[in-house]
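First the structure, in the form of structure tokens, and then the observations on it.
In my numbering, the protein residues as written are 118 to 325.
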């Protein structure tokens, strides 16, 4: 019956799918039944991150970070060490990059702006308590400092200037990450920052 109507009335309901294999299988099904529909739903969704991805790339993407290659990390209210999706991997990579074993003489640095106390903030070299409403301006100020755009005024002017200097000195070996709960605007700014830093393809990559 579904073949006769090309899948009319057929619905697939899943949680967010980040498996390339499963996505390919669903895409194959939808190609065979073009009138069928695929819905993804989660009670605690990453809608803001996906909205920013749509604006930046024209499609929802999953951002994956490689903390093993990052000498400098800037967190905009992102508790990535306690991330349920990749926390174990992120924690291990971050810890390895922080270790001085094997003759290493330098370790990574973590700058953290956050609105509540987190595990990630506890490990930060520099941590600043921040109102959620301030994070967009902080991200914009970092982006402006990197690209030479219009200066953005925040109460963290001196701190951001130091962060920008550190990021510039480690282009391609640094990353900026925003918490899932941050607005689409903040996520869009972070995409632009990582692009300006040359981090895409090294410490940052995107998957379907």
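The beta carbon of each residue, even a glycine, is placed where N, CA and C say it ideally should be.
(message) Buried or exposed for residue 165, going by 16 or more other Cβ atoms inside 10 Å?
(response) buried
(message) I'd like to confirm the pairing. Which residues does DSSP put opposite residue 228 in its beta bridges?
(response) 191, 243
(request) Have a look at the DSSP bridge pairing and note the partners of residue 154. (result) 128
(request) Would you mind reading off the limits of the alpha helix (DSSP H) that contains residue 259? (result) 252-264
(message) With the cut-off set at 7 angstroms, would you say residue 293 and residue 181 are in Cβ contact?
(response) no
(message) Looking at residue 271: is its Cβ nearer than 7 angstroms to the Cβ of residue 255?
(response) yes
(message) Less than 6 angstroms between C-beta atoms, sequence neighbours within five positions excluded: which residues of the same chain meet that for residue 208?
(response) 198
(message) Give me the residue from 253, 135, 249 with the minimum Cα distance to residue 202.
(response) 135
(message) Below 8 angstroms on the Cβ atoms is my contact criterion, and I expect residue 163 with residue 297 to pass it. Report the Cβ-Cβ distance as a whole number of Å.
(response) 5 angstroms
(message) Give me the residue from 314, 299, 237, 230 with the minimum Cα distance to residue 262.
(response) 314
(request) Identify, in the order they occur along the chain, each residue of the same chain with its Cβ nearer than 7 angstroms to the Cβ of residue 267, setting aside the five sequence neighbours on each side. (result) 261
(request) Assign residue 142 to buried or exposed, taking buried as 16 or more other Cβ atoms, counted over all protein chains shown, within 10 Å of its Cβ. (result) exposed
(request) Please classify residue 198: does DSSP put it in a helix, a strand, or coil? (result) helix
(message) Taking 8 angstroms as the cut-off, does the stretch 301-320 touch the stretch 272-282 (at least 3 CB pairs, one atom from each stretch)?
(response) no
(request) State the CB to CB distance for the pair residue 226 and residue 242, rounded to an integer number of angstroms; the pair is presumed to be in contact (CB under 8 angstroms). (result) 5 angstroms
(request) May I ask you to list the residues that DSSP assigns as paired with residue 293? (result) 191
(request) Helix, strand or coil for residue 215, going by three-state DSSP, please let me know. (result) helix
(message) I need the DSSP call for residue 288, collapsed to helix, strand or coil.
(response) coil
(request) Flag residue 150 as yes if its beta-carbon sits less than 7 angstroms from any beta-carbon of chain B, otherwise no. (result) Of the protein chains in the structure, only one exists, and it is not chain B.
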